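Below: the structure, in structure tokens.
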Amino acid sequence: MTQFLPATSTAISQAADLLRDGQAVAFPTETVYGLGADALRPEAVLRIFAAKGRPADNPLIVHVAEVADVEPLVARIDARARLLMERFWPGPLTLVLPKAARVPNQVTAGLDTVAVRLPAHPVALALIREASRPIAAPSANRSGRPSPTTARHVYEDMNGRIPMILDGGACAVGVESTVLDLTEEMAVVLRPGGVTLEALRELLGEVRVDAAALAPLKKEIAPRSPGMKYKHYAPDATVVIVSGTEEGRAVLASRLYDEAKVAGERAVILAPAEQRCAYGPRVFRALGRSGKPGEAAAQLFAALRELDAQGFQRIIAEAVEAEGIGLAVMNRLCRAANFAIEHAD
Ligand code: AMP
Ligand code: MG
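Laid out in structure tokens, this is it:
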């Protein structure tokens, strides 16, 4: 049985006790819900992999409540990492740094680096402080499913698999943290997320984006972020992305929708609210407003889960401008669609 509790201070204390006891519990962060366990105990960390059905070669992010708590986890913190922590923590930025020996291999999937983050959510911070240890936590979904942005989503995936879910409401950002590799001279975004590429470049100058962010991985190249290898964020429905001008997208998406209907599929259009009229009587689900990628980010995973629950077999999604947090939205959409993109011209 999984306890489902509003995140009161009593419930947070109970959850912290479970963490100290080596159990895995789900809690809210500003990005998505996390499934946490004591990062320094291999048997606790393995419970996360078991509950999620996560492949053992996909490393976890270690969460701390104070900048000083990073020091024991890493081999060194250079000036650039300090600058990033000062500017973006607490917040949705994960830093990949050379690891200290005490971080178990189960957390890092055998890599010699460790990913660390200081989240900006009062419940996450209170929980980590009270547990008084670093907490390894990936997203609290079953592996391969869309990430959970409400406690209810966690319950759908994890009921009976973990002892407790803390309910702290819907996550404000809605997509996972930006993962930034700092192990080489050039900082590399391994996964776009809540902190934008533009903001990172403003602080650091040049920042590269890993090729796996918006294109399928080439088979012969080992990904720098092992998570990029897996089908991700995917609903049961087949997702197709349509890109091009506003009118072009509507014409092409309408055609794909009509073809799906002829083939007997239950189809739905996922696009900015303003586009609804362009689709006439076709089934339409709004994903935020035009030019507001933050709204699309906050709603994307919930929308994918909802459309699955409603039994849609084909989701025809309009592309989002890959700027600001829109880059993270497109990354998640591309992976949900297995990179099926049709261009209108
Ligand atoms: P999740 O917390 O479920 O969003 O998954 C954590 C993400 O961080 C995955 O995409 C991992 O591949 C990535 N990650 C964690 N640790 C590392 C690391 N040491 N190096 C590169 N990527 C990492
Ligand atoms: Mg995840």
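Letter 83 of the sequence shown, counting from 1, is numbered 233 in the numbering used here, and no numbers are missing.
Every residue gets a Cβ at the ideal spot worked out from N, C-alpha and C, and that includes glycine.
All values derive from a computational prediction rather than experimental measurement.
- Sequence-distant Cβ neighbours of THR263 in its own chain, meaning closer than 8 Å and more than five residues away, are VAL246, LEU247, PRO248, LYS249, ASP331 and THR333.
- GLY186: member of the beta strand (DSSP E) spanning 184-188, first to last residue.
- Bounds of the alpha helix (DSSP H) holding LEU450 are 443-459.
- Proximity to the ligand MG was defined by a C-beta distance below 6 Å to any of its heavy atoms, and the residues meeting it, in sequence along the chain, are PRO288, SER289 and SER297.
- For MET336, there is no enclosing alpha helix (DSSP H), as DSSP marks it with neither H nor E.
- Taking the CA atoms as reference points, ALA490 sits about 23 Å from ARG292.
- Restricted to the segment 302-351, the beta strand (DSSP E) segments that are unbroken, complete and at least 3 residues in length are 314-317, 328-331 and 337-341, listed in chain order.
- Note that the C-beta distance between HIS493 and GLY394 is below 8 Å.
- According to the DSSP assignment, LEU169 belongs to no beta strand (DSSP E) but to the alpha helix (DSSP H) extending over 159-170.
- DSSP places ARG283 outside both helix and strand once states are collapsed to three, so it counts as coil.
- Rounded to the nearest angstrom, the Cβ distance from PHE462 to ALA387 is 5 Å, consistent with a contact under 8 Å.
- Taken atom to atom, the span from the alpha-carbon of ARG267 to that of ALA189 is near 13 Å.
- In this structure, LEU210 has its CB closer than 7 Å to one or more heavy atoms of the ligand AMP.
- For ALA176, there is no enclosing alpha helix (DSSP H); the residue is part of the beta strand (DSSP E) that begins and ends at 175-177.
- For ALA428, the CB contacts under 7 Å within the same chain, skipping 5 residues up- and downstream, are ALA400 in chain order.
- Counting along the chain, the unbroken beta strand (DSSP E) around PRO248 starts and ends at 243-248.
- In the DSSP secondary-structure assignment, ALA469 is not bridged to any residue.
- Here ASP360 is near LEU340, since their CB atoms are less than 8 Å apart.
- From the listed residues GLU180, ARG435 and PRO240, the smallest Cα separation to ALA448 is found for GLU180.
- Here the alpha carbons of GLU445 and THR299 stand approximately 13 Å from one another.
- Within its own chain, the residues whose Cβ lies closer than 6 Å to the Cβ of ALA301, once the five positions on either side in sequence are excluded, are ILE315 and ASP317, listed in chain order.
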